[in-house]
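Undergrad: Below is a structure I'd like to ask you about.
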């Protein structure tokens with residue numbers, strides 16, 4: 001435990017020392033509103049990417065979808081030169097999709113990941129980029145606390161990993177002054193309860209809704225613990241997963257929180273001086289629940305997979321372990337799943353093949 005604490009302190013000290021050097025080198029550049037923090041919930045379609053900027057520090061939580069390059073483009077538009085910490089909440093391709101490109105284009109101090117792995121090319125490319133760049137690799141765990149410049153970062157989850165990538169998403173509470181932000185990746189209702197059970201204060205003004213507004217996340221108990229004033233989700237317009245789900249929107253609205261979504265509002269920016277905050281968006285719009293839901297074999301959580309006809313807990317675990325799949329018929333490689341089950345799945349019409 002002592003060694004772990006020393007490592008954390010060293011990590012934070014390195015970041016602060018690097019940042020002080022960076023400020024000295026850039027002393028001729030004058031920035032307006034230096035003390036104001038900006039949190040950019042970037043519109044990356046069906047994916048996740050959030051940029052935090054304050055006092056010369058920058059943190060990127062997730063890096064969008066593997067099929068696009070909006071994250072790199074947006075960072076360049078914001079004149080980002082280097083990034084202190086990049087967090088890949090979990091190895092799904094809609095969260096770490098552009099991580100390799102980000103590390104290739106920008107000087108990145110640290111990469112935080114859960115420790116869970118994936119057989120996808122996207123994940124492999126991300127790890128290779130981290131190693132090739134010399135970026136420090138960190139696996140944060142429940143209860144860890146990091147001071148990064150004026151920010152306090154508390155790790156809410158995971159306590160340990162067992163191979164459930166979505167469920168064991170790196171989850172964080174980030175505090176600037178009196179304003180708190182929570183990010184939970186694709187963690188589900190069970191994991192939200194585990195966060196509650198830690199006893200860590202979850203109260204926060206701004207909540208990033210888990211799993212793109214899916215009904216696998218955002219329980220009433222979690223909302224009661226967080227008591228957010230603003231809830232933000234990231235989803236693609238007319239996405240095939242039905243995100244955000246109607247029951248999630250209703251549950252959040254019943255708390256009185258304001259809801260924003262990248263599908264209808266575009267990129268959303270929260271600005272705060274640590275005492276008060278404001279929300280800005282590219283366009284006005286009211287979140288509308290998705291209509292055409294599907295369950296993607298390559299990125300769905302174990303609980304979501306169990307909604308598929310003929311798929312129980314054991315088969316769901318096997319799917320997670322053996323993906324990615326290129327077609328539904330490849331499920332027959334899993335012992336016990338035959339052509340009869342494939343026919344039932346196809347008749348249900350709920351399964352799709354997407355992220356890799």
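In UniProt numbering, the protein residues as written are 1 to 356. C-beta atoms are modelled at their ideal positions from N, C-alpha and C, and glycine is treated no differently. Model, not experiment: these values are computed from the prediction.
(1) Can you tell me the Cα-Cα spacing of residue 268 and residue 53, whole angstroms?
(2) State the DSSP-derived secondary structure class of residue 197, mapped to helix, strand or coil.
(3) Going by DSSP, what residue range makes up the alpha helix (DSSP H) through residue 251?
(4) Mark residue 65 as exposed unless 16 or more other C-beta atoms lie within 10 angstroms of its C-beta, in which case mark it buried.
(5) Between residue 83 and residue 58, is the Cβ-Cβ spacing less than 8 Å?
(6) What would DSSP say about residue 223, mapped onto helix, strand or coil?
(7) Closer than 8 Å, CB to CB, is residue 270 near chain D or not?
(8) State yes or no: is the C-beta of residue 287 within less than 8 Å of the C-beta of residue 261?
(9) Measure how close the beta-carbons of residue 272 and residue 37 come, nearest whole angstrom, since I'm counting them as under 8 Å.
(10) In whole angstroms, what separates the C-alpha of residue 56 from that of residue 153?
(11) Starting from residue 68 and walking both ways along the beta strand (DSSP E), at which residues does that stretch end?
(12) What's the gap between the Cα of residue 254 and the Cα of residue 191?
(13) Label residue 143 either buried or exposed according to how many other C-beta atoms from any shown protein chain fall within 10 Å of its C-beta, with 16 as the threshold for buried.
(14) Since residue 91 and residue 165 should fall inside the 8 Å C-beta cutoff, what is the C-beta to C-beta distance between them, to a whole number of angstroms?
(15) Contact between the stretch 120–130 and the stretch 167–179 is defined here as three or more beta-carbon pairs at a separation below 8 Å; is this criterion met?
(16) Given a cut-off of 8 Å, decide if residue 251 and residue 198 are closer than it, judged by their beta-carbon atoms.
(17) Taking the beta carbon of residue 339 as the centre, do at least 16 other beta carbons fall within 10 Å, making it buried, or is it exposed?
(18) Can you look up residue 258 in the DSSP assignment and give me helix, strand or coil?
(19) Determine the DSSP secondary structure at residue 364, reduced to helix, strand or coil.
(20) Comparing alpha-carbon positions, which option in 337, 331, 102, 306 lies nearest residue 353?
(21) Tell me whether the beta-carbon of residue 88 lies closer than 8 Å to the beta-carbon of residue 234.
(22) Which residues does DSSP pair with residue 278 in a beta bridge?
(23) Determine contact between the stretch 201–216 and the stretch 228–248, defined as no fewer than three beta-carbon pairs at a distance below 8 Å.
(24) Grab the span of the alpha helix (DSSP H) containing residue 129 for me, first residue to last.
(25) Would you decide whether residue 277 is buried or exposed? Buried here means 16 or more other CB atoms lie within 10 Å of its CB.
(26) To which residues of the same chain is residue 295 closer than 8 Å at the C-beta, ignoring the five residues directly before and after it?
(27) Restricting to Cα atoms, I'd like to know which of 99, 345, 314 is closest to residue 329.
(28) Throw me the rounded Cβ distance for the residue 108 and residue 133 pair, which I believe falls under 8 Å.
(29) What first and last residue would you give for the beta strand (DSSP E) that runs through residue 207?
(30) Using three-state DSSP, classify residue 299 as helix, strand or coil.
(31) Using three-state DSSP, classify residue 266 as helix, strand or coil.
(32) Cα-Cα, which of 51, 227, 185, 62 is closest to residue 75?
(33) Going by other Cβ atoms of all chains shown within 10 Å of its Cβ, with 16 needed for buried, is residue 81 buried or exposed?
(34) What residues in its chain sit with their C-beta under 8 Å from that of residue 170, if we drop five residues either side in the sequence?
(35) Taking Cβ to Cβ, would you say residue 44 is nearer than 8 Å to residue 70?
TA: Reading from the atomic positions:
(1) 14 Å
(2) helix
(3) 246–255
(4) buried
(5) yes
(6) helix
(7) No chain D appears in this structure, which consists of one protein chain only.
(8) Contact: yes.
(9) 5 Å
(10) 16 Å
(11) No beta strand (DSSP E) holds residue 68; DSSP gives it neither H nor E.
(12) 22 Å
(13) exposed
(14) 5 Å
(15) no
(16) Between residue 198 and residue 251, the C-beta gap is not smaller than 8 Å, which leaves the two residues out of contact.
(17) exposed
(18) Reduced to three states, the DSSP call for residue 258 is strand.
(19) Look at the range of the chain in this structure, 1 to 356, and you will see that residue 364 is not part of it.
(20) 331
(21) no
(22) Note: residue 278 sits in a beta bridge opposite 271.
(23) Touching, yes, given that three or more Cβ pairs across the two stretches are closer than 8 Å.
(24) 121–133
(25) buried
(26) 241, 304, 305, 307, 308, 350, 351, 352
(27) 345
(28) At roughly 7 Å, the Cβ-Cβ gap stays under 8 Å, so residue 108 and residue 133 are in contact.
(29) 206–208
(30) coil
(31) coil
(32) With distances taken between Cα atoms, residue 75 lies closest to 51.
(33) Looking at its Cβ environment, which holds fewer than 16 other Cβ atoms inside 10 Å, residue 81 is exposed.
(34) 87, 88, 89, 90, 112, 113, 114, 140, 155, 157, 158, 185
(35) yes
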